[in-house]
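Start counting the sequence shown at 1; every next residue gets the next number (the UniProt record's numbering). I have placed the structure first, in the form of structure tokens, so that the comments after it can refer back to it.
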Amino acid sequence: MNKAIIRCFLVLMGTLILLSGCNLKADKEASAPKNPPFKVPFEYNDWSDVPWPAKGGIWYFTKEKHPGNLDTHGDWDNDDILLIQLSDKKYYGYTLDPISVEIVGPETVKITLDLNHNNSTFGDDQSRPARVFISVARGVLKYKKFLIVSEEGKKLNTK
Numbered sequence: 001m002n003k004a005i006i007r008c009f010l011v012l013m014g015t016l017i018l019l020s021g022c023n024l025k026a027d028k029e030a031s032a033p034k035n036p037p038f039k040v041p042f043e044y045n046d047w048s049d050v051p052w053p054a055k056g057g058i059w060y061f062t063k064e065k066h067p068g069n070l071d072t073h074g075d076w077d078n079d080d081i082l083l084i085q086l087s088d089k090k091y092y093g094y095t096l097d098p099i100s101v102e103i104v105g106p107e108t109v110k111i112t113l114d115l116n117h118n119n120s121t122f123g124d125d126q127s128r129p130a131r132v133f134i135s136v137a138r139g140v141l142k143y144k145k146f147l148i149v150s151e152e153g154k155k156l157n158t159k
């Protein structure tokens, strides 16, 4: 009978321990570790022979949907092309060199640009906005929102 009582006692204690947990509570400050950004491989070009849009913006071109003046630019079977043009007049005459293209969230891509006041692309023409064409693997950035920042982390205006 003692063995039966001990077994019942052990089963009861085991059940109580399982039901009560280990008395640790979740820390309100704790959170799941953030995933590091996914770096997207890219190539870039200024394609100065392509006319400048009338205003700043971000355009995402695909094989199926791109302007005719880009037909001979890029590898449309394998790449999509992103055009970034700054609207801030203080960057007219600058060149944009992409530092990184990173997927930082399910819907967000952060593009870091180096701004260079370099007349080599524009000659002496300071009347053109800074812009860059970025080629990425087909479909990688589709349906994403874009955050455009300088190397210092300053948000750059494209509207």
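All residues carry an ideal CB built from backbone N, CA and C; glycine is no exception. On a predicted model such as this, the values are computed, not experimentally measured, just so you know.
Here's the rule I'm using: 16 or more other beta-carbon atoms within 10 Å means buried, otherwise exposed. How should residue 167 be labelled? The question about residue 167 has no answer, for the chain in this structure spans 1 to 159.
Assuming lysine 89 contacts tryptophan 76 (C-beta within less than 8 angstroms), just tell me the rounded distance between them. The C-beta separation of lysine 89 from tryptophan 76 comes to about 33 angstroms, leaving the pair out of contact by the 8 angstroms criterion.
For my contact list, valine 136 and phenylalanine 38 are in at a C-beta cut-off of 8 angstroms; report their separation, rounded to the angstrom. Not confirmed; about 12 angstroms, so no contact.
Does DSSP put glycine 68 in a helix, in a strand, or in coil? Annotated three-state conformation of glycine 68 is helix, per DSSP.
Taking just the CA atoms, how far does leucine 86 sit from proline 129? Our two residues, proline 129 and leucine 86, have alpha carbons roughly 6 angstroms apart in a direct line.
Taking 8 angstroms as the threshold (C-beta atoms), are aspartate 80 and tyrosine 60 in contact? In this structure, aspartate 80 lies closer than 8 angstroms to tyrosine 60 by Cβ.
Residues bridged to residue 162 [DSSP beta-bridge criterion]: Since the first residue of the chain shown is 1 and the last is 159, residue 162 is not available in this structure.
Exposed or buried, what is glycine 139 when buried is set at 16 or more other beta-carbons lying within 10 Å of its beta-carbon? The residue is exposed, with fewer than 16 neighbouring Cβ atoms inside 10 Å.
Which residue marks the beginning of the beta strand (DSSP E) containing aspartate 80, and which one marks its end? 79-85
Assigned secondary structure, lysine 144 (DSSP; H/G/I helix, E/B strand, else coil): coil
Just verifying my parser: in three-state terms, what is the DSSP assignment at valine 109? Strand at valine 109.
With a threshold of 6 angstroms on Cβ separation, who are the neighbours of arginine 131 within its own chain once the five nearest residues in sequence on each side are excluded? Gln85
Spatial neighbours of tryptophan 47 in its chain, beta-carbon cut-off 7 angstroms, leaving aside the 5 residues before and after: His73, Phe133
Which residues in the same chain as lysine 145 place their Cβ atom closer than 8 angstroms to its Cβ, once the five residues preceding and following it in sequence are excluded? Glu107, Thr108, Val109
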